[in-house]
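J.: Here it is, the structure in full.
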Amino acid sequence: MKVTQTIAAGSTDGMQCIREASQSGLALCFPGVGSAFSRKHDPTSLVIAKNGVTLLVDVGTNIPRVLSSRGTHICEFDYYHITHSHADHIGGLEELLLFSHYVLNKTPRLILAEPYKDILWERTLRGGCEHRENGTFQFEDLADFIFPSQISKSPREIYEVEIEGIGLTIFRTVHIPTEGDNSGSKFWSTGLLID
Numbered sequence: 014m015k016v017t018q019t020i021a022a023g024s025t026d027g028m029q030c031i032r033e034a035s036q037s038g039l040a041l042c043f044p045g046v047g048s049a050f051s052r053k054h055d056p057t058s059l060v061i062a063k064n065g066v067t068l069l070v071d072v073g074t075n076i077p078r079v080l081s082s083r084g085t086h087i088c089e090f091d092y093y094h095i096t097h098s099h100a101d102h103i104g105g106l107e108e109l110l111l112f113s114h115y116v117l118n119k120t121p122r123l124i125l126a127e128p129y130k131d132i133l134w135e136r137t138l139r140g141g142c143e144h145r146e147n148g149t150f151q152f153e154d155l156a157d158f159i160f161p162s163q164i165s166k167s168p169r170e171i172y173e174v175e176i177e178g179i180g181l182t183i184f185r186t187v188h189i190p191t192e193g194d195n196s197g198s199k200f201w202s203t204g205l206l207i208d
């Protein structure tokens, strides 16, 4: 596995560098490694690539700008996965969906656990994405969905999917802890194991 810490700012061929690094196996690149409010290190986001196939994990508010400054457009990835609905993880998703629809005339492929799809649309994206010139959009108009198979419900939900040689295990996490038992947290948050 190769870990590419970053693609240099000002690069004009960021995606090409990532795809080339992944030809010999799994490659990871972190466009951002900071907190939600980080200006220096940008909010956390991860590029997973294997054999030229790319997956962007989390599309935070600043991530389209960060990628662009490194020669990569937000719409260039083969797949996308969202871990939870805080703006530093989904704030650029509206741009991805609408730019893909109106400019590129394509639908990005989102890897989401099925229970999270409606949460993401109804509680986060619908307000900015639903309205159009002739009626309204549904989430399905703006994205294609890949739903991982649920392999466990207890003690926490676990999902698995393989996408063109990239194996993902998606598991529920407690992102906002409260007092007492957090195993049934209502806030959707996931972690990721990559194979």
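Its first residue numbered 14, the sequence shown is counted upward by one per residue in the working numbering.
Ideal Cβ placement from N, Cα and C applies to all residues, glycine included.
#1: Going by Cα to Cα distance, which pick from L206, I20, H114 is closest to H54?
#2: Skipping 5 residues on each side, what residues in its chain have a beta carbon closer than 7 Å to that of C142?
#3: With which residues is F90 paired in a DSSP beta bridge?
#4: May I ask which residues mark the beginning and end of the alpha helix (DSSP H) holding G141?
#5: Measure the beta-carbon distance from G65 to Q29 and round it to whole angstroms, keeping in mind my assumption that it falls under 8 Å.
#6: Output the boundary residues of the alpha helix (DSSP H) element that contains Q151.
#7: Taking only the alpha-carbon atoms, compute the straight-line gap between A100 and F200 and give it to the nearest angstrom.
#8: What would DSSP say about L181, mapped onto helix, strand or coil?
T.: The answer reads as follows:
#1: Your numbering for residue 54 matches position 41 in the sequence shown. Among L206, I20, H114, the Cα nearest to that of H54 belongs to I20.
#2: Translated into the one-based positions of the sequence shown, residue 142 becomes position 129. Same-chain partners within the cutoff: E107, L110, L111, F150, L155.
#3: Taking the first residue of the sequence shown as 1, we reach residue 90 at position 77. Paired residue(s): none; F90 is not in a bridge.
#4: Working through the sequence shown from its first residue, we reach residue 141 at position 128. It spans 139-142 - the alpha helix (DSSP H) in which G141 sits, taken as one unbroken run.
#5: As a position in the sequence shown, residue 65 is number 52, starting the count at 1. As a position in the sequence shown, residue 29 is number 16, starting the count at 1. In fact, because the Cβ distance is near 10 Å, the residues do not count as touching under 8 Å.
#6: To locate residue 151, count along the sequence shown from 1; it is residue 138. From DSSP, Q151 is part of no alpha helix (DSSP H); its letter is neither H nor E.
#7: Taking the sequence shown and counting its residues from 1, the one referred to as residue 100 is at position 87. Taking the sequence shown and counting its residues from 1, the one referred to as residue 200 is at position 187. For A100 and F200, the distance between alpha carbons rounds to 14 Å.
#8: Indexing the sequence shown from 1 puts residue 181 at position 168. Strand, per DSSP.
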